[in-house]
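If you're matching positions, the sequence shown starts at 1 in UniProt numbering and goes up one per residue.
A virtual CB, placed ideally from N, CA and C, is assigned to each residue, including glycine.
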Amino acid sequence: ALNSYGLRVILDVVYNHTQESGPHGRNSVLDKVVPGYYHRRGPAGNIESSTCCNNTASEHAMMERLIVDDLVHWARDYKGDPVPLSSPHSPISMPGAPEGQSRLVCSHLPRLSRAISAAVAKGQRGMAGQRAPLVGRPALRAAAREQQSQWSGAQPGGPQGSPPCTLGRRLVEAPRHGMPHVDGFRFDLMGHLMKSTMLRAKAALSALTLEEDGVDGSTIYLYGEGWNYAEVANNRCGINAGQENLAGTGIGSFNDRLREACNGGSPFADPRLQGWVTGLSLQPNGFDQGGEESEAASLAYLQDRLKVALTGNLRSYAFVDTHGQQITGGELPFGTDGAPTGYCASPEEAVNYVSAHDNETLFDTVMLKAAAEVDIKQRCRMNMLATSLVALGQ
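Put into structure tokens, the structure is as follows:
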């Protein structure tokens, strides 16, 4: 169903830990196969639990094999029935497309959006003095069908010969006929897996073909949480799949450089710390961040971090920093532990974000950090400014 809408499907996978361990545990599985093999142990022989519980050890050959085989299984075997994008089950029709030709769903979306807006406005007219009802699905479908009838002569570039849409081409382009399948995997605590595991997984997935497996594995995108901490920090258990180790792999990692510069602070710092969007230096909230001079300097530094983040967090990106020096993204420090701001070799390796499933929503973050005198309209603008950084960055 999602593929038929022109949307891609990502599976969230958690290979870094198991619920239980031990040969006798009710919910233990791996230790009943080979006791003591699949989990990572500390110096005292205890099973590490920095993920939350029972850390797995992908540096062990068969744990790595289990991960790779499982990913290939989901990619190759988790499919649905073929649904043409021009079928009546799809709300976004692709009439006029030659057989097998790719069409860009996004080139139709503005007209469909206008049609929906017109349906909403039509539902509101004639309701003077009354609360306008919500527009139901039948009205929206009717609006979509009305637009579809006008697209019958559409050219490959878009409706009525409109220029092709290039924004997000890789994520939006979809074949007219295709087998719905998994388009990517998001790895929980990916930094607790080894880089070799991720590279073998990518190679195994890329080897899948439409002819043999029903899926082009080279289009499957891999990304995850590349946090570098606990017993795997700084490659203590082997080269891990942390942010800095993934440059050049084409594997993405969440970009906390953008999130923290935008919002201020970090998930582990005082939640009142302000950032570039939430009023640092310009609209202080009363929480002491070092005084006026220190706050102004911090704001300028965060602006440099945002410049790098908007390029796709490239380590090779050269720019003039707030001190008038020409540096690269990799030379701009992130924090005090020597980590670089820019760590990517290509933009696809940076997953820019300002809010995720962990911790507060973006709006709650803005509400907490903004100064008391900032009214709700300004807070909404702060929220939109934050999301624009994600939308406009690479």
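query	result
Between the Cα of N285 and those of A371, D304 and V13, spot the shortest distance and give me the residue it belongs to.	A371
Does DSSP put T328 in a helix, a strand or coil?	strand
Measuring from the CB of G238, is there a heavy atom of the ligand ADP at a distance below 7 Å?	With respect to small molecules bound, the structure shown includes none, and the ligand ADP cannot be examined in it.
By the 10 Å Cβ neighbour count, where 16 or more other Cβ atoms means buried, how is M194 classified, buried or exposed?	buried
If we require 4 or more residues per run, which alpha helix (DSSP H) segments fall completely within the region 176-213?	195-206 and 210-213
For a test of the three-state rule: what should DSSP assign to N235, helix, strand or coil?	helix
Would you mind listing the beta strand (DSSP E) stretches within the region 218-287 that are 3+ residues and don't spill past its ends, in chain order?	221-224 and 252-255
For N16, which of N255, R259, V34 and E64 has the nearest alpha-carbon?	E64
In chain order, what residues of the same chain have a beta carbon less than 8 Å from the beta carbon of G25, not counting five sequence neighbours either side?	D31
Is DSSP giving V68 helix, strand or coil here?	helix
Note down the Cα distance separating N54 from T322, rounded to an integer number of angstroms.	45 Å
Who are the Cβ neighbours of A247 in its own chain at under 7 Å, not counting the five residues just before and after it?	R315, Y343, C344, A345 and E349
Tell me whether the region 216-227 and the region 182-202 touch, counting them as touching only if at least three CB pairs, one residue from each stretch, are closer than 8 Å.	yes
Could you check what DSSP says for T322 in three-state terms: helix, strand or coil?	coil
Do G217 and L205 have their beta-carbon atoms positioned less than 8 Å apart in this structure?	yes
How far does the alpha helix (DSSP H) with E383 in it reach, from first residue to last?	According to the sequence as given, residue 383 is Asn; it is not Glu. That run of the alpha helix (DSSP H) goes I376 to L392.
In the DSSP assignment, find the unbroken beta strand (DSSP E) run with L11 in it and report its ends.	I10 to V13
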